[in-house]
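Trainee: I have a structure here, written as structure tokens, and I will follow up with some questions on it.
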Amino acid sequence: MTCSNCAPIEETRTIFSTGRLAAAITMAKEAIRDGILQDVPGGPMSSVIPLSDLNPDGPWDDLLRYRFRCTTCAQVFLLSAETYHGSGGEWAKEPG
Ligand SMILES: [Zn+2]
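Residues -6 to 89 (my numbering) are what the sequence shown spells out, left to right.
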């Protein structure tokens, strides 16, 4: 489920290279700042550093995992990346 609030977020979903991770982090931070998304606990694999404290340009944890919820329809989005292997990451709508 998406709504008019988070549809633009969904449209940007993508698998990205590590080089684009900074852009993905910036997008998430801006969406939270604008009240489109809110932070939700990322579960046992979640990153230690709060997104609000994370510098988009790094340094990053080896594994990044952040979850966000649309403030209107509660759809959850997941930002995950494996920076250690340089295999890039994913910005995706969480099935549910
Ligand atoms: Zn929504």
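From the three backbone atoms N, C-alpha and C, an ideal C-beta is built for every residue, glycine too.
If you're wondering where the values come from, they're calculated on a predicted model, not measured in any experiment.
Which same chain residues, not among the five before or five after C(-1), have their C-beta less than 8 Å away from its C-beta?
Mentor: I29, L30, C63, T65, C66, Q68 and F70.
Trainee: Return yes when the C-beta of M20 is under 8 Å from any heavy atom of ligand 1, and no when it is not.
Mentor: Not under cutoff, so the answer is no.
Trainee: Could you have a look at L47 and say whether DSSP puts it in helix, strand or coil?
Mentor: Coil.
Trainee: Tell me whether Q112 counts as near ligand 1, meaning its Cβ is closer than 8 Å to at least one heavy atom of that ligand.
Mentor: It is not possible to answer for residue 112, since the shown part of the chain is limited to -6 through 89.
Trainee: Buried or exposed for R26, please, with buried defined as at least 16 other CB atoms from any protein chain shown within 10 angstroms of its CB.
Mentor: That one is exposed.
Trainee: Do you know offhand how far L56's Cα is from I2's?
Mentor: Distance between the alpha carbons of L56 and I2: 22 Å.
Trainee: Please classify A0: does DSSP put it in a helix, a strand, or coil?
Mentor: Correct three-state label for A0: helix.
Trainee: Which residue's Cα is closest to the Cα of Y77: G35, K86, V33 and G51?
Mentor: Comparing Cα positions, the closest option is G51.
Trainee: Run through the DSSP bridge pairs and tell me what K22 is partnered with.
Mentor: In DSSP, K22 forms no bridge with anything.
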